[in-house]
Structures are given as C-alpha cells and as structure tokens.
Amino acid sequence: MEIKEETEQKKVFYRVIIVTGIIVVAFNLRPSITSVGPLIGTIRDQLGLSNWSAGMLTSLPLIAFAVMSPLVAKLSNRFTNEQVMLLGLFILFIGITLRSMTIISLLFTGTLLIGLGIAICNVLLPSVIKEKFPMQVALMTSIYSTTMGIFAATASGLSVPIAEGLHLGWQVALIVWAIPALLGIIVWIYLAKQSTDHYRVSYQPIIEQKQIWRSPLAWQVAAFMGFQSFLFYVTISWMPEILQAYGISAAAAGWMLSFLQFIGLPASFIVPVLASKYRSQHGIVLAMGLFSIIGYTGLLLGKSNTVMVVSIILIGFSLSGTFALALTLLGMRARNGKQAAQLSGMAQSFGYVLAAIGPFLVGYLYDKTQTWDIPLLTLISVAIIVVVFGFGAGRDKYVFDE
Numbered sequence: 055m056e057i058k059e060e061t062e063q064k065k066v067f068y069r070v071i072i073v074t075g076i077i078v079v080a081f082n083l084r085p086s087i088t089s090v091g092p093l094i095g096t097i098r099d100q101l102g103l104s105n106w107s108a109g110m111l112t113s114l115p116l117i118a119f120a121v122m123s124p125l126v127a128k129l130s131n132r133f134t135n136e137q138v139m140l141l142g143l144f145i146l147f148i149g150i151t152l153r154s155m156t157i158i159s160l161l162f163t164g165t166l167l168i169g170l171g172i173a174i175c176n177v178l179l180p181s182v183i184k185e186k187f188p189m190q191v192a193l194m195t196s197i198y199s200t201t202m203g204i205f206a207a208t209a210s211g212l213s214v215p216i217a218e219g220l221h222l223g224w225q226v227a228l229i230v231w232a233i234p235a236l237l238g239i240i241v242w243i244y245l246a247k248q249s250t251d252h253y254r255v256s257y258q259p260i261i262e263q264k265q266i267w268r269s270p271l272a273w274q275v276a277a278f279m280g281f282q283s284f285l286f287y288v289t290i291s292w293m294p295e296i297l298q299a300y301g302i303s304a305a306a307a308g309w310m311l312s313f314l315q316f317i318g319l320p321a322s323f324i325v326p327v328l329a330s331k332y333r334s335q336h337g338i339v340l341a342m343g344l345f346s347i348i349g350y351t352g353l354l355l356g357k358s359n360t361v362m363v364v365s366i367i368l369i370g371f372s373l374s375g376t377f378a379l380a381l382t383l384l385g386m387r388a389r390n391g392k393q394a395a396q397l398s399g400m401a402q403s404f405g406y407v408l409a410a411i412g413p414f415l416v417g418y419l420y421d422k423t424q425t426w427d428i429p430l431l432t433l434i435s436v437a438i439i440v441v442v443f444g445f446g447a448g449r450d451k452y453v454f455d456e
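Residue numbering for the sequence shown follows our numbering, beginning at 55 and increasing consecutively.
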C-alpha cells in the first residue's frame with residue numbers, strides 16, 4: 055500500500071512539474087521578440103540601420119521558425135521531447151545574450167539564434183500537451199497562450215522604461231529576458247533527467263510525414279497561422295512607430311503596445327475553450343476577423359485619441375484570439391500527439407515564412423512611401439485573408455482523414 059501511495063505521489067509531483075515546465079516555456083516564447091518593437095527606433099538610430107533592416111530584427115526569428123520547425127521532429131528521433139525542449143531553451147538563452155551586445159553582426163546572429171530556440175519550443179509544445187494531456191488540450195492551450203500573452207505584453211511595456219527611464223540602455227532592456235530562459239533551463243533539466251518516456255514526435259511512417267504536406271486542411275491551418283502571425287509581428291514591430299507618427303511619445307507608445315497585448319488576454323483564455331465546444335470554429339474566425347479589420351481601419355481613418363484607443367482594443371482582442379485559435383487547431387485537427395507534432399511542424403514552417411515577410415515588407419513600404427497609410431491598407435487586406443483561411447481551417451475534420 056505504501057509503495058502504491060508513493061508511486062501516486064510521484065505521478066502527481068511529475069504532473070505538477072510538467073505543467074510548470076509548459077508554463078515556463080510559455081514565458082519564453084514572446085518577450086525576446088515583443089521587447090524589440092518599442093526600442094526598434096532607438097536601435098535603428100544608434101546603429102545606423104534603415105527601416106527595412108531594423109524590421110529584420112523581428113523578421114529573422116520568423117525565418118528561423120520557418121527553417122527550424124520541420125527539423126524539430128528529426129531531432130526528436132534521437133532524443134526525448136524533454137531533451138529537445140532543453141536544447142531550445144539553451145539556444146534561446148545564448149541568442150538573447152549575444153543580441154544584447156552593441157555589435158551589428160552579433161545583434162543579427164543573436165536574433166537568429168533566438169528564432170531557432172523559440173522554434174524548437176513552439177513546435178514541441180502542442181505535441182507535449184496533446185501527448186501528456188490528451189483530454190485537456192483546450193484548457194492547457196488556454197493556460198499557455200494566456201501566459202505567453204502576459205509576458206509578451208509585459209516585455210513591450212517595460213522596454214522603454216528600462217532603457218530610457220532607468221537609463222540602462224536598450225541592451226539591458228533586451229538581455230533581462232534571458233532570466234526566464236535560464237529558469238526554463240533549470241526546470242527542463244529536471245524533466246529531462248526524470249524522463250522515461252521515449253516517445254518521439256516523428257517516429258511515424260515516412261508516408262505520413264509526406265501526407266501532411268498534401269493535406270488541404272493542413273495547408274489551410276498553416277495559412278491561417280501564417281497570416282495571423284503576419285499581423286501580430288508587424289503590429290508588435292511597427293505599432294509604436296505608427297503611434298509616434300500620430301504624436302504619441304515613445305514611452306506612451308510602448309505602453310500602448312503593452313495595453314494592446316494585455317487587453318487580448320481574455321481572448322487567449324476564452325477562445326480555445328469556446329473552440330472546443332463547437333464542431334466548427336467559423337463563428338469565432340468571423341468575429342475575430344471583424345475586430346481586426348475594424349481596428350486597423352480605425353487607425354487608418356481616425357487620428358483622435360478615442361479612435362486610437364478603440365482600435366487598439368479591437369486589434370489586441372483579435373490578435374490574441376486568432377493566435378490562441380491557431381494553437382488550438384494544431385491539436386483539434388489531429389487525432390493524436392504524433393499527428394499534432396507533424397501538423398505543428400508543417401504549419402509553423404510554412405506559416406512563419408509568411409509571418410517573416412511582414413515586418414520587413416512594412417518597413418520597406420514605409421521607406422518608399424514615408425506614410426503609414428499603405429502599410430495599414432496592407433494589414434487590412436491580410437486581416438481579410440485570415441478570415442478566408444480560417445473558414446477552411448475551422449472545418450470539423452482531421453488532417454489525415456481527407
């Protein structure tokens with residue numbers, strides 16, 4: 055009896071630690087990117103970068119996402135999920151450290167490493183959740199997407215106060231986000247040592263790996279994830295600059311970006327739960343899409359503070375909701391953890407190619423036009439595209455059942 059109780063206690067403890075590990079990983083999936091947006095003008099000016107090259111500070115991690123995502127499954131052929139997750143966090147830690155040095159080559163090298171580290175964690179997390187919590191995918195996705203939102207918003211809000219308010223510079227404002235990565239490394243070292251599960255995210259037959267790239271539903275999920283990520287990363291990169299062009303101070307613009315992300319936290323938690331209650335997610339896709347379209351149109355047409363705040367609220371709610379829905383669909387459109395890993399790798403690989411174009415393209419459009427009207431019209435068009443692909447991804451089907 056005592057042995058049985060001890061075994062149960064170990065299982066409960068391990069379950070608590072794995073949940074903690076998932077949450078700690080979620081700490082690290084956004085801050086190292088969202089902390090850049092409010093400081094992008096400062097970094098650009100101090101290092102003599104153009105707008106398009108400054109936009110690469112956000113686009114580079116997304117390019118790394120696209121390249122690394124399909125390779126994560128291959129890494130997991132030889133190592134456990136826990137070991138590969140630990141590798142991702144370690145690469146992220148090194149990347150944040152290098153990026154914070156005032157040398158342009160290290161700035162971009164560190165930025166690329168940040169993308170590689172986050173990509174590993176991004177791909178594995180839906181698979182880990184599907185495998186460890188098969189009956190609680192929506193709830194666990196809600197928890198980790200909300201956690202991501204909290205830390206992403208906090209990073210955006212604190213960047214300017216740390217850099218300028220405390221006179222510590224943009225380097226310190228960026229390197230502080232190595233602390234959550236270090237915390238994650240500690241937790242996942244323990245989990246890697248405790249792991250006796252030799253589940254591999256890609257041990258399925260080669261034919262299944264090829265089939266995922268031939269699935270119309272998988273492509274629709276990938277496009278939905280890609281275009282909504284396009285909107286998110288353009289927004290966190292250039293929204294402070296857009297607001298400053300409307301007469302808002304740099305510090306206030308940073309806090310407005312933070313507010314945009316905080317206001318979306320309820321959507322991060324509610325949308326996955328709602329999505330799990332319906333066979334089709336078309337209604338959620340349409341609602342989030344309308345919020346986004348109206349929000350960006352408000353920024354384009356209205357310059358008053360009231361219109362600006364209302365637009366920020368609508369955009370924030372929409373971005374958080376569509377992102378949480380995209381994460382949820384990675385689990386809902388798959389029958390098991392193996393399929394979820396394949397769909398996650400494929401969707402994030404293709405999806406982040408689209409997302410990577412965003413910050414670079416918008417910076418280029420502004421360089422050419424010297425106005426934010428054309429970039430905002432581009433965002434409105436992309437918001438419409440998100441709805442179109444969301445309707446396809448929201449169908450009640452599984453990727454290998456077509």
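Every residue, glycine too, gets a C-beta built ideally from N, C-alpha and C.
Identity of the residue in the options nearest residue i by Cα
i, options, result
"alanine 192", "Leu167, Leu383 and Thr156", "Leu383"
"glutamine 225", "Ile302, Gly169, Gln100 and Gly203", "Gln100"
"leucine 143", "Ile94, Lys186, Val241 and Leu340", "Val241"
"leucine 415", "Ala276, Gly203 and Leu430", "Leu430"
"arginine 449", "Arg387, Ser403, Ala394 and Ile369", "Arg387"
"isoleucine 266", "Gly446, Gln396 and Phe81", "Gln396"
"leucine 381", "Ile317, Thr74 and Ile324", "Ile324"
"serine 89", "Ala209, Gly164 and Ser358", "Ala209"
"glycine 308", "Ser213, His336 and Thr156", "Ser213"
"glycine 385", "Ala329, Phe205, Ala437 and Gln424", "Ala329"
"isoleucine 233", "Ala437, Ala394 and Leu83", "Leu83"
"isoleucine 47", "Gln190, Arg98 and Leu297", "Since the first residue shown for the chain is 55 and the last is 456, residue 47 is missing from the structure and cannot be characterised."
"aspartate 421", "Glu295, Leu340 and Ile366", "Glu295"
"phenylalanine 119", "Val407, Ile438, Gln424 and Ala437", "Val407"
"serine 372", "Ser358, Asn359, Gly356 and Val339", "Val339"
"valine 70", "Phe187, Gly109 and Arg153", "Phe187"
"alanine 437", "Val453, Ile367, Leu344 and Leu354", "Leu344"
"methionine 362", "Gly337, Leu228 and Gln298", "Gln298"
"threonine 96", "Thr360, Pro215 and Ala206", "Pro215"
"valine 138", "Gln63, Ile243, Leu93 and Ala321", "Ile243"
"leucine 319", "Ile428, Ala235 and Ala207", "Ala207"
"lysine 128", "Tyr300, Ile174 and Met194", "Ile174"
"tryptophan 426", "Val364, Thr360 and Gly352", "Gly352"
Assigned secondary structure, residue i (DSSP; H/G/I helix, E/B strand, else coil)
i, result
"tryptophan 292", "helix"
"phenylalanine 133", "coil"
"tryptophan 106", "helix"
"isoleucine 261", "Its pLDDT being 43, under 50, isoleucine 261 is placed unreliably in this model, and the value from its coordinates should be taken loosely. If DSSP states are grouped into helix, strand and coil, isoleucine 261 belongs with the helices."
"alanine 447", "helix"
"arginine 268", "helix"
"serine 154", "coil"
"glutamine 335", "coil"
"tryptophan 224", "helix"
"serine 256", "Low confidence applies to serine 256: its pLDDT is 43, below 50, so where it sits in the model is not reliable enough to give any reading."
"threonine 21", "The structure shown has nothing for residue 21, since the chain only spans 55 to 456."
"glycine 318", "coil"
"aspartate 251", "A caution first: aspartate 251 carries a pLDDT of 48, below 50, which makes its placement in the model unreliable, though a value can still be read off. Note: aspartate 251 maps to coil in three-state DSSP."
"glutamine 100", "helix"
"lysine 466", "Outside the shown range of the chain, which is 55 to 456, sits residue 466, and nothing can be said about it."
"leucine 340", "helix"
"arginine 69", "helix"
"phenylalanine 313", "helix"
"threonine 425", "coil"
Contacting residues, own chain, Cβ-Cβ under 8 angstroms from residue i (five flanking each side not counted)
i, result
"isoleucine 411", "Ser113 and Phe284"
"asparagine 176", "Leu83, Phe119, Ser123, Ser398 and Gln402"
"glycine 223", "Ala217"
"threonine 74", "Val241"
"threonine 61", "none"
"lysine 451", "Leu271 and Arg387"
Contact set for residue i: own chain, Cβ-Cβ below 6 angstroms, skip 5 residues either direction
i, result
"valine 442", "none"
"asparagine 135", "Leu178 and Val182"
"serine 86", "Ile150, Ile168 and Trp231"
"alanine 447", "Gln274, Val275, Phe278 and Leu383"
"proline 124", "Gly399 and Ser403"
"asparagine 105", "Gly417, Tyr420 and Asp421"
"methionine 293", "Leu311"
"methionine 342", "Ser372, Gly375 and Thr376"
Neighbourhood of residue i by C-beta, 7 angstroms cutoff - its chain only, sequence neighbours within 5 removed
i, result
"isoleucine 369", "Thr289, Leu314, Ser346, Gly349 and Tyr350"
"glycine 171", "Gly142, Leu143, Ile145, Leu146 and Gly149"
"tyrosine 287", "Thr112, Leu116, Ala409, Gly412 and Pro413"
"glutamine 248", "Tyr68"
"glycine 444", "Phe278, Val339 and Gly343"
"isoleucine 261", "Caution applies to isoleucine 261, whose pLDDT of 43 falls short of 50 and renders its modelled position unreliable; the model cannot decide the point."
"leucine 245", "Ile71, Ile72, Gly75 and Glu136"
Residue i CB to nearest heavy atom of the ligand ADP below 7 angstroms
i, result
"alanine 235", "Absent from the structure shown: the ligand ADP. Ligands present: none."
| task | Pair every Cβ in the stretch 193–202 with every Cβ in the stretch 63–81, then say whether three or more of these pairs are closer than 8 angstroms. | result | Yes, since at least three Cβ pairs between the stretch 193–202 and the stretch 63–81 fall closer than 8 angstroms, the two stretches touch.
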